[in-house]
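Okay, so the sequence shown: first residue is 40 according to our numbering, each after it adds one. Contents: one structure, followed by commentary.
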Amino acid sequence: MDLATIGGLVIGIGLVLFGTLVAGLSPLDIFDLPSVFITIGGGLSASVVASPLSRLLNFTKYTRFAIFPRQTDVGQLILTLVSFSERARREGLLSLEDDLVSLEEPFLRKGI
């Protein structure tokens with residue numbers, strides 16, 4: 040789990056509550072139901088308008104990626120890119136198509 044995501048949420052909520060308490064208000068004073076509907080409803084409707092249906096239907100998948108990011112071995116990825124660049128220089132770009140089946144990284148596979 041990505042600690043920065045959790046830390047950012049905790050810090051953000053904590054600072055809002057701290058600011059409310061410093062101002063002498065109750066934490067319940069910051070919740071205005073019409074404002075919540077306008078903010079959340081506006082944000083959701085803007086997301087629906089800006090996103091294709093296929094992405095909206097996979098919302099839980101994308102949320103899971105934000106919380107549990109896929110771990111990539113950066114060193115191995117660099118070695119793979121270096122070997123691809125050397126091979127493309129010697130044999131041409133089309134020679135890289137032979138290696139598409141063996142690639143595990145979907146972003147790299149799509150790029151080639």
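Note that the Cβ used here is the ideal one computed from N, Cα and C, for glycine as well.
Assigned secondary structure, residue i (DSSP; H/G/I helix, E/B strand, else coil)
i, result
"Glu144", "coil"
"Gly81", "helix"
"Ile151", "coil"
"Phe104", "helix"
"Leu139", "coil"
"Phe70", "coil"
"Gly63", "coil"
6 angstroms CB neighbourhood of residue i in its chain, flanking five on each side removed
i, result
"Leu142", "Arg148"
Rounded straight-line distance, which links the Cα of residue j to that of residue i
i, j, result
"Thr119", "Arg109", "18 angstroms"
"Phe76", "Leu48", "21 angstroms"
"Ile45", "Lys100", "18 angstroms"
"Ser84", "Ser90", "10 angstroms"
"Ile151", "Asp41", "29 angstroms"
Whole-Å CB distance - residue i paired with residue j, under 8 angstroms assumed
i, j, result
"Thr59", "Ile69", "5 angstroms"
Spatial neighbours of residue i in its chain, beta-carbon cut-off 7 angstroms, leaving aside the 5 residues before and after
i, result
"Arg126", "Ser134, Leu135"
8 angstroms Cβ shell around residue i - same chain, five flanking residues per side excluded
i, result
"Val55", "Ile69"
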